[in-house]
Amino acid sequence: METRYNPREVEARWHDQWNKNQDFAPSGKGKPFSMVIPPPNVTGALHLGHALNDTIQDILVRYHRKRGYNTLWIPGTDHAGIATQAVVEKRLLKDEHKTRHDIGREALVERIWKWKDEYEARITRQLKSLGISCDWSRQRFTLDPVCAKAVRHAFFNLFKKGLIYRGKRLVNWDTFLQTAVADDEIYYENVKGHFWTFKYPLSDGSGYIPVATTRPETIMGDTALAVHPDDERYKKFIGKTVRVPFVNRDIPVIADAILVDKEFGTGSVKVTPAHDPNDYATGLRHKLPMINILNPDGSLNENAGEFNGLKGEKAREAVVKGLEDQGLLLKVEDHEMQVGHSDRSKTTIEPYLSDQWFVKMEVLAENAMNAVRNGEVKFTPERYARSYLDWLGEKRDWCISRQLWWGHQIPIWHCDDASEEDLKKAFGTREDVYYYPAQNGGWLICSQEENLKDGCVPGHKCIREEDVLDTWFSSALWPHSTMGWPDATDTLKTFYPTSVLVTSRDIITLWVARMVIFSQENMGTIPFSHVYIHPKIMDGQGRTMSKSLGNGVDPMDIEEKYGTDALRFVMASLCTDNQDVRLPVKKEKQPDGREINTSEKFEIGRNFSNKLWNACRFLYPHLEQAGALSNKLLPMDPELFALEDRWILSRLNTTISDATRMIEEYRFAELAQFLYRFVWDDVCSSYLEIKKAVINREALDAEKKNAMAILSHVLRGVIDLLHPVMPFITEELNATLFPGSERVIRSEWPAADKSLIDAGIEKAFDRAFAVVESVRGIRGRYGVSPATKLASVLSVDDDATAKAVESCKAIITELGGLESLDIQVKAAKPKFSANAVVPGGELFIPLKGILDPSAEKARLEKEIEKAKGFAAAIEKKLSNVNFASKAPAQVLEAERQKLATQKDIVAKDEKALAELE
RNA sequence: GGGCGAUUAGCUCAGUUGGUUCAGAGCAGCUGCCUUACAAGCAGCGGGUCAGCGGUUCGAAUCCGUUAUCGCCCACCA
-7 METRYNPREV
3 EARWHDQWNK
13 NQDFAPSGKG
23 KPFSMVIPPP
33 NVTGALHLGH
43 ALNDTIQDIL
53 VRYHRKRGYN
63 TLWIPGTDHA
73 GIATQAVVEK
83 RLLKDEHKTR
93 HDIGREALVE
103 RIWKWKDEYE
113 ARITRQLKSL
123 GISCDWSRQR
133 FTLDPVCAKA
143 VRHAFFNLFK
153 KGLIYRGKRL
163 VNWDTFLQTA
173 VADDEIYYEN
183 VKGHFWTFKY
193 PLSDGSGYIP
203 VATTRPETIM
213 GDTALAVHPD
223 DERYKKFIGK
233 TVRVPFVNRD
243 IPVIADAILV
253 DKEFGTGSVK
263 VTPAHDPNDY
273 ATGLRHKLPM
283 INILNPDGSL
293 NENAGEFNGL
303 KGEKAREAVV
313 KGLEDQGLLL
323 KVEDHEMQVG
333 HSDRSKTTIE
343 PYLSDQWFVK
353 MEVLAENAMN
363 AVRNGEVKFT
373 PERYARSYLD
383 WLGEKRDWCI
393 SRQLWWGHQI
403 PIWHCDDASE
413 EDLKKAFGTR
423 EDVYYYPAQN
433 GGWLICSQEE
443 NLKDGCVPGH
453 KCIREEDVLD
463 TWFSSALWPH
473 STMGWPDATD
483 TLKTFYPTSV
493 LVTSRDIITL
503 WVARMVIFSQ
513 ENMGTIPFSH
523 VYIHPKIMDG
533 QGRTMSKSLG
543 NGVDPMDIEE
553 KYGTDALRFV
563 MASLCTDNQD
573 VRLPVKKEKQ
583 PDGREINTSE
593 KFEIGRNFSN
603 KLWNACRFLY
613 PHLEQAGALS
623 NKLLPMDPEL
633 FALEDRWILS
643 RLNTTISDAT
653 RMIEEYRFAE
663 LAQFLYRFVW
673 DDVCSSYLEI
683 KKAVINREAL
693 DAEKKNAMAI
703 LSHVLRGVID
713 LLHPVMPFIT
723 EELNATLFPG
733 SERVIRSEWP
743 AADKSLIDAG
753 IEKAFDRAFA
763 VVESVRGIRG
773 RYGVSPATKL
783 ASVLSVDDDA
793 TAKAVESCKA
803 IITELGGLES
813 LDIQVKAAKP
823 KFSANAVVPG
833 GELFIPLKGI
843 LDPSAEKARL
853 EKEIEKAKGF
863 AAAIEKKLSN
873 VNFASKAPAQ
883 VLEAERQKLA
893 TQKDIVAKDE
903 KALAELE
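Laid out in structure tokens, this is it:
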């Protein structure tokens, strides 16, 4: 074995092995455990957030596989509609100075597919490199034929039930991409603007009502002027009409207490239902006309009269000037406001009235809420159930249409001039076609088929809807579409619903909630019973990692630098109950000249791998000598057990039960920490060091052989327990130390043997360890090298203690580097010796010529003072009547014990002080 | 504006039902070691009024209230 763990070479080998043996495929035996991967967007490469998400899932999958579950994890990627189209369009513009309209729908979509192929391949490479054990033979893409079929069927079902409708709605319009953008794809920015107050003239010429606005250019779209019903200033105008400047339309003055705040501005509001969300709601309340004054590109249209064709700031200036010319402008104030911008194009969002498709949420949302309320779907941490419920509780209809070219084209055909008879004749009793009359005449025909052929309604034109579906529509089907729904596949039968969904908090509403909804609709059941929400990784300053900030970390860089297991270990360590975790990022030049983002936080993972590796490397020849390098564990002989042997077995079994619990409870940071402690502290620092003398014996005596048997048991456990987190190194070590045994990915998860867990032994060990620490402390104080073997005397208070300590003698002499340990009841302090008070006794180490009496005096005095102070505090507490009467007996006893200990320290140190000269 | 988190050592974070030697880990710092498994290591040391204030309690990092700062989600002011 090499002196350092070499991840690259080992990882390559195990990728091959797992692949060759199809270890990631379901075993076909046992209870099912299944998951679907949250499909990464094909917009770009994976980042650290994915690494974390996928590591956690893989831990769960590998654990359950080892527990004997029939385990399936389905991988795949998401077409990410608008995001992907936007990156490809941006590139088109940059490289060729062309827009999508220059090359047309077909050519653009073709280019996006190419992009997708490139990035899907890259993402898949990254995922595989992480060692995650998905069944790659089932890899899906949200736009592939299997998923497309599911989408058509889901749409069809909802359409037939009347849960999908088409309507005019105010949407967030991206004037650059010319598409509706979802609320969550908008960010707000503070923009310095103005607040214009002008006169709204009454139609009858009797005066005006002052009104203030930040958007004067929308005035041509006004269809009412609203005031507060209780506003004395304007009460008298309610029911009258005012005249819209420029277009000379009369519009009513209405009373609306929801829209209008008496105290704000002029206390009057111009209502433009087609171009403002609040006005839109007001328009619906008062049944106002909605006049669209914008073209899709954001310029004013013919409804704007003389301003037709003007856009943005120009339009605004022209309108303000017009108002001024007519003497209507009263004042201009500076005003800062929040303006919505499209996340994709970074341009200003216009509220815009357009034809869109919606899913009715009323009933669907209620059902999905119930699933969480009644505990069918459980969130971990629990608090996240709240964001889910709050969001669904709004029951806002979901706008599912997008004016894009990349995505699932809506399976609707418009037929404007056919009669119902024509349709009946064309489609007869077909169950895969459903139609109903459109609001403004004609028919909407929905088909489960891929494409209705031209001439499907003889003599009438059927034109396919151009819009595509919101990406989340196909993502919402992911758990069952990946398993082949709507076909009744064996996979669905065996593995649906899935067991756990692992994701991050930002898509609880967008994705998690919608999966529940669609699963309930399509499958009649929930899609998963547990949702584990893991923290989000931020940079050292608490900022989201992003391309634009340049603070993102590429998992593959980390794998190369530290090893994949190291990356995975650190990912698990980050998974606390927290909502964010910070990872300080550091730029670093690589030997090849490349600059990468990395973090010192990964060192612990690499060091840990190396530690484990070296422990095994050390033991290897000795295990070989003992005949333990085999797929059969050497039997242990309990007769020969020393204290440390029983201790390490107790620790092992405690760790088994802890680790199991941690995974079951999604406490991955603790899992990583427990395993780290066990391997580093218990096995390496303690057990191996204690046993070193035995291990290094040349001859294989019974004691050594037993030690090697114990160590193989311990290593067997470590390898199995660590495997879900660190799959590569554990397979490699298993193959080395237990040749011929089953691969760790398949071997059984260990069960804790409760009979070997012994708190008494762990306590005895702790006492021995306290003595060791005293020895080390004395060495540190006097700079005595650990290589210098020391003679020592351990004075104990009574025979019982002497006997107990005798059983730990090996521990103390080995770890303390002692030449001798003379255990005596109430021993006299040897001359020139340093002392240390330990539980039940006192340790003396003669240090003639080294001991510095004055330094020793100062130390003892300090220690005495400290112990006295502490003792006084405890006495005070004990003398408190309330404490004595109310605290539980255990606590009282513990306090008395502590007091005795402190008093003991004082007595012994004082004696030592007296004997110093 | 509504909701949810966070605030503990220089940095990143633990601290599971309130028990005081329970203030911890890793990293960073300092001291000493190439002690034949591991310098990606070993041994030791220093370092924190647990954000502030108030309350409950015999007892609070832990429970309640409140303030401050930071972050996230949702809704958004004509």
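Under this note's numbering, the first residue of the first sequence is numbered -7, with each subsequent residue one higher. Glycine included, each C-beta is placed from N, C-alpha and C at the ideal position.
Legend entry - CA-to-CA distance, Ala480 to Asn287, given in whole angstroms: About 47 Å.
Inset, instruction - For the alpha helix (DSSP H) holding Val101, just list the boundary residues, first then last. - result: Bounds of the alpha helix (DSSP H) holding Val101 are Arg92 to Ser121.
Inset, instruction - Hey, could you find the ends of the alpha helix (DSSP H) Pro880 is sitting in? - result: Run containing Pro880: none; DSSP gives neither H nor E here.
Inset, instruction - Would you check if the region 554 to 564 and the region 35 to 52 touch, i.e. whether three or more CB-CB distances between them fall below 8 Å? - result: Taking a cut-off of 8 Å on C-beta distances, the region 35 to 52 touches the region 554 to 564, as three or more cross pairs fall below it.
Inset, instruction - On a CA-only basis, which of Gln440, Ile803 and Ile596 is nearest Ile910? Give me that one, please. - result: Examination of residue 910 is not possible in this model, given that the chain is present from -7 through 909 alone.
Inset, instruction - Taking 8 Å as the cut-off, decide whether the C-beta atoms of Pro471 and Val764 are in contact. - result: The answer is no: Cβ separation not under 8 Å.
Inset, instruction - Ignore the nearest five residues each way along the sequence and tell me which others in Leu641's own chain have a CB closer than 6 Å to its CB. - result: These residues qualify, in order along the chain: Leu748.
Inset, instruction - Report the residue from Arg598, Gly544, Ala701 and Ser565 whose alpha carbon sits nearest the alpha carbon of Gln617. - result: Nearest C-alpha to Gln617: Ala701.
Legend entry - Three-state secondary structure (DSSP) of Val449: If DSSP states are grouped into helix, strand and coil, Val449 belongs with coil.
Legend entry - Helix, strand or coil at Asp791 [DSSP, three-state]: Under the three-state reduction of DSSP, Asp791 is assigned to helix.
Inset, instruction - Can you grab the Cα-Cα spacing for the pair Thr780 / Leu807, in whole Å? - result: Thr780 and Leu807: Cα-Cα distance of roughly 12 Å.
Legend entry - Backbone secondary structure at Ser565 - three-state DSSP: Here Ser565 sits in helix by DSSP.
Inset, instruction - Could you name the residues of the same chain whose beta carbon sits closer than 8 Å to that of Thr76, not counting the 5 residues immediately before and after it, in chain order? - result: Apart from sequence neighbours up to five positions away, the residues of its chain that approach Thr76 with a beta-carbon distance below 8 Å are Asn33, Val34, Thr35, Ile104, Trp107, Lys108 and Trp398, ordered along the chain.
Inset, instruction - Select from Pro373, Thr171, Gly259 and Ala249 the residue whose C-alpha is nearest the C-alpha of Ser346. - result: Nearest in C-alpha terms to Ser346, of all of Pro373, Thr171, Gly259 and Ala249, is Thr171.
Inset, instruction - Give every residue of the same chain whose Cβ lies closer than 6 Å to the Cβ of Ile770, excluding the five residues on either side of it in the sequence, and list them in chain order. - result: The answer, listed in chain order, is Ala826 and Ile837.
Inset, instruction - Please state if the CB of Val236 and the CB of Ile230 are separated by a distance shorter than 8 Å. - result: No; because the gap between Cβ atoms is not below 8 Å, this pair is not in contact.
Legend entry - Element boundaries [alpha helix (DSSP H), containing His278]: Pro269 to His278 is the span of the alpha helix (DSSP H), which, as asked, contains His278.
Legend entry - Simplified DSSP assignment, three categories, for Glu662: Three-state result, Glu662: helix.
Inset, instruction - In the DSSP assignment, find the unbroken alpha helix (DSSP H) run with His522 in it and report its ends. - result: Segment Phe520 to His526 is the beta strand (DSSP E) holding His522; no alpha helix (DSSP H) there.
Legend entry - Reference Val163; option with closest CA among Leu122, Phe862 and Asp271: Checking every option, the nearest Cα to that of Val163 belongs to Asp271.
Inset, instruction - Give the straight-line distance between the Cα atoms of Val369 and Met475, rounded to the nearest whole angstrom. - result: If you take the alpha carbons of Val369 and Met475, they lie about 20 Å apart.
Legend entry - Cutoff 6 Å; reference His361; Cβ partners in own chain excluding five residues on either side: Note on residue identity: the sequence assigns Met, not His, to residue 361. Answer for Met361: Leu381 and Leu384, listed in chain order.
Inset, instruction - Tell me whether the beta-carbon of Arg54 lies closer than 8 Å to the beta-carbon of Pro716. - result: Yes, these two residues count as a Cβ contact at 8 Å.
Legend entry - Bounding residues of the alpha helix (DSSP H) (the contiguous stretch that carries Leu635): Its alpha helix (DSSP H) spans residues Leu635 to Glu656.
Legend entry - Euclidean distance between Cα positions of Lys184 and Thr205: Their Cα atoms are separated by approximately 14 Å.
Inset, instruction - Measure from the alpha carbon of Pro831 to the alpha carbon of each residue in Gly257, Lys900, Gln882 and Met(-7), then state which is nearest. - result: Measuring C-alpha to C-alpha distances from Pro831 to each of Gly257, Lys900, Gln882 and Met(-7) identifies Lys900 as the nearest.
Legend entry - Among Asp791, Gly841 and Ala828, nearest to Val817 - alpha-carbon criterion: The shortest C-alpha separation from Val817 is found at Asp791.
Inset, instruction - With a cut-off of 8 Å on the beta carbons, I'd call Phe720 and Pro(-1) a contact; round off their distance for me. - result: Correct: roughly 7 Å between the Cβ atoms.
Inset, instruction - Look at Leu40 and Asp127 and say whether their C-beta atoms are less than 8 Å apart. - result: No; because the gap between Cβ atoms is not below 8 Å, this pair is not in contact.
Inset, instruction - Can you have a look at Phe256 and say buried or exposed, based on whether 16 or more other CB atoms are within 10 angstroms of its CB? - result: Note on Phe256: under 16 other CB atoms within 10 angstroms of its CB, so exposed under the neighbour-count rule.
Legend entry - Sequence-distant residues of its chain with Cβ nearer than 8 Å to Gln330 (five each side left out): So the qualifying residues of the chain are Tyr180, Glu181, Asn182 and Val183.
Legend entry - Close Cβ partners of Ser932 (< 7 Å) along its chain, the five nearest in sequence each way excluded: Only positions -7 to 909 of the chain appear in this structure, which leaves residue 932 out of reach.
Inset, instruction - Measure the alpha-carbon distance for Asp750 versus Arg643 and round it to whole angstroms. - result: Using only the alpha carbons, I get a separation of about 9 Å.
Legend entry - Top-ranked residue by Cα proximity to His452, from Asp414, Thr483 and Val425: Of Asp414, Thr483 and Val425, the residue nearest in Cα terms is Asp414.
Inset, instruction - Grab me the residues of Asp248's own chain with a C-beta within less than 6 Å of its C-beta, minus the 5 sequence neighbours each way, in chain order. - result: Closer than 6 Å at the Cβ level, and outside the excluded window around Asp248, lie Ala218 and Thr274.
Inset, instruction - From the DSSP output, in three-state form, read off Lys603 for me. - result: If DSSP states are grouped into helix, strand and coil, Lys603 belongs with the helices.
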